[in-house]
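Right, one structure below, let's go through it.
Chains as they are written, first to last, in the numbering used here: chain A, 1 to 432; chain B, 433 to 864.
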């Protein structure tokens, strides 16, 4: 019989135990913070009717769908994010839900992108959204929740760069170019990477006058602090009602978020943050790690006007945040200096053979009852083989049952050995 | 613009917050127990090459696959269980893995079955396997782990019904019908539901003599206790080497499992447990809840000889257990007397409007720092509306900021009201 080659699909990957543990830890941490702030989990199917998913994610999204006809002749597709399923969910269950509705959701999504380094066709998203609420309380709440997530993740200092799309609209209105939002914001977005000359050239190409472009660049320069930035923006949008409203709202959102527990160092008003031009309508934000800015955004979100307008006539505004699980894992690996190690237990109980197994298992039970993680070598094997296995797995201590029932323990790192009569004695000696 | 009807595919479902919380709790509990026993998580993609998945799950499995051609012309399919991906994983990463290899894995799987009450086309599996180990230590370890899972799940009393496929082989050998394993086991499996007359008739139809069938029925009757059952089985298989080996092994597995922490009431030797005829080769088990036997098995597993023989020439025997997540959720719902309630927080902070939001958020921060779950009504709304919302969401306490900064609290269940000056005073009053 010829073998079937064991392989994963192009753009897909397995997670090793260390990688899977690290991802589970990030997701659990975020979920715990979300729940502590009143966000409940939901789940939606991986597969949806294709018509639910199509035409929602911009130009490339449809081409990247894993779409097919099922055996019942239905056109179906794998979800490419968790936001479109949320929109379908709130529309489908509108009558049963109580709004404002706080939900979180973590799970895999699928996009048939051209595989690149660090980009996969299956990856995780981890979102929290507050649907059916407008105003500064909701916007500030999302910032409080996101800051609590990154603090709990213990990835070092982070900055939530916050803006409000209405400020950008006000600036464009003042520049006499309210219809140029898309090309101008796209140009502004390149400031950090490409430099101001490129931004000015792109704005000119879009049809903005040189004066207007220069004042836009000046107005969106971060100030020496949030109060200065806000004061500068207030001056720059004066006379534009939408712009003035945006500046006032952003100042209040910041004040509420600080009162609610966001530390001053964790938040920065940044008028260059644009994001999701067709989608976000109010506050927008990106999260950066202070020690890994080259990694780009490790989280983002913002306010939208109408989540589920394609599925229901009810207008459902909301605000949400998304935790960038994969980039956080890269950051955590870099901080740890390589792939994390995860030994299966602290203590290996080595045993001389099958007739001593009940004794070995009784010792395991006693060690576990004392709160220690302990495992047996799970087969009959020579003592040397059991020791080598412990060493390869990174288990730090090996305890061996001797013929008289005494316990011989060895610290594999230091080579230190000691003897004990029982589990309690062993733990006392381990601490020694 | 016409709306797209918001609906899930036939056989698929959304989980409400209460359902999603309940499932997450079951899965987390199992994962925590698995990890405490040295089992590390892995993850594998939802999509695999179709050739990896086909021909593995019995006659109906291929027909139930969600299979399609991707945009790269590859024939791909959604995984229908977590065992075939494990087999592919250990074969693909054989050189990098250290055996014996303990892994756990929880996640969704997909089968295009005809939808029935309580059966869905997407459902969760939650497995632990120990690969590359033979013998009683490994078999007993899986029983210890499974018992610890069900104990941690707090679903009441449970029984792990254990057997060894070799005992059944021995009994058939002694009955002179070693080749009739499949029809005879299928007949024996019906004993509880259909009665002995049906079993005898089916055995006769399969070609077993009346005497042999009767003695098989007698030999597989559970005894008055495990020792009696084992003694009866030892007599019945005497002269069959494989049968004698099976009885001896099962007795030792039981003894080790008891030493390792399985309570005597949690395990029962039951020679009628057959399971997975084509797959399992040694110990086999099923878990039943004592208070919900009609629910059937809420977990199962056993030993297999050759996990990954289709993908590698290396023989990888192992033993595994699977936690029946969906049935456990049904059992938990029944115990709780309906769908679980999950209020988003203990305390709602009601606020009079946007200029008092920083104060409201400072109170939330203080309550959270004191270890309480507290949320704000996340929008501007009349006080009555905020109270009604708390009531509908099941939030037990509402705290209202008054103009002078004092806190007015109300216990929505009892109607009791009280006043406090700050978060500490509030918590003291809540306890009162």
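The C-beta atom is built at its ideal place from N, Cα and C for all residues, glycine as well.
Considering only beta carbons, the part of the region 741-775 of chain B lying closer than 8 Å to chain A consists of 742, 743, 744, 745, 774, in chain order.
Inter-segment contact for the region 98-114 of chain A and the region 122-135 of chain A is present: three or more beta-carbon pairs are separated by less than 8 Å. From the listed residues 91/A, 43/A, 72/A, the smallest Cα separation to residue 314/A is found for 91/A. In the DSSP annotation of this structure, the continuous segment of the beta strand (DSSP E) that includes residue 160/A starts and ends at 158-164.
Contact note: residue 554/B reaches chain A through 45, 46, 47, using a C-beta cutoff of 9 Å and chain order. Looking from the CA of residue 811/B, the closest CA among 784/B, 832/B, 797/B belongs to 784/B.
For residue 566/B, the C-beta contacts it makes with chain A under 8 Å involve 379, in order along the chain. Between residue 643/B and residue 701/B, the gap from beta carbon to beta carbon reaches 7 Å or more. Secondary-structure assignment with DSSP links residue 481/B through a beta bridge to 508/B. Taking 7 Å as the CB threshold, residue 861/B stays off the interface with chain A.
At a cut-off of 7 Å between beta carbons, residue 446/B contacts chain A. C-alpha of residue 302/A to C-alpha of residue 370/A: approximately 47 Å in a straight line. Below the 8 Å Cβ cutoff, chain B contributes 477, 479, 480, 481, 502, 506, 508 as neighbours of residue 9/A, in chain order. Legend: CB atoms of the region 604-637 of chain B lying less than 8 Å from CB atoms of chain A are not found in any residue. Contact with chain B is found for residue 100/A, since one of that chain's Cβ atoms lies less than 7 Å from the residue's Cβ. In this structure, residue 319/A keeps its C-beta atom at 7 Å or more from the C-beta atom of residue 32/A.
At a C-beta separation below 9 Å, residue 435/B has these neighbours in chain A: 91, 309, 310, 311, 312, 313. Note that the region 77-85 of chain A touches the region 37-53 of chain A; at least 3 beta-carbon pairs, one per stretch, sit closer than 8 Å.
Taken through DSSP and simplified to helix, strand or coil, residue 795/B comes out as helix. Per DSSP, the continuous beta strand (DSSP E) segment holding residue 108/A begins and ends at 101-110. In the three-state scheme derived from DSSP, where H, G and I count as helix and E and B as strand, residue 222/A is classed as coil.
From the listed residues 142/A, 9/A, 160/A, 84/A, the smallest Cα separation to residue 265/A is found for 160/A. When DSSP reads this structure, residue 400/A sits in a beta bridge with 350/A, 408/A.
The Cβ-Cβ distance between residue 170/A and residue 232/A does not fall below 7 Å. No Cβ of chain A is located within less than 7 Å of the beta carbon of residue 649/B. Excluding sequence positions up to five before and after residue 682/B, its CB lies within less than 6 Å of the CB of 596, all in the same chain and listed in chain order. DSSP lists 562/B, 735/B as the bridge partner or partners of residue 751/B. Residues of the region 207-241 of chain A that bring their beta carbon within less than 7 Å of a beta carbon in chain B are absent altogether. Under the Cβ criterion of 7 Å, residue 453/B is counted among the residues facing chain A.
In the pairwise beta carbon analysis, the region 820-839 of chain B is classified as touching the region 785-804 of chain B: at least three pairs are separated by under 8 Å. Residue 437/B has its alpha-carbon roughly 35 Å from the corresponding atom of residue 727/B.
From the beta-carbon of residue 469/B, the residues of chain A found nearer than 7 Å are 375. Rounded to the nearest angstrom, the gap between the Cα atoms of residue 449/B and residue 520/B is 34 Å. Listed in chain order, the non-local C-beta contacts of residue 64/A below 6 Å within the same chain comprise 111, 112, 113, local neighbours out to five positions each way being set aside. Between the region 284-299 of chain A and the region 143-156 of chain A there are three or more C-beta pairs closer than 8 Å, enough to call the two in contact.
Within the region 251-277 of chain A, the residues whose Cβ lies closer than 7 Å to any Cβ of chain B are, in chain order, 252, 255, 256, 259, 260, 261.
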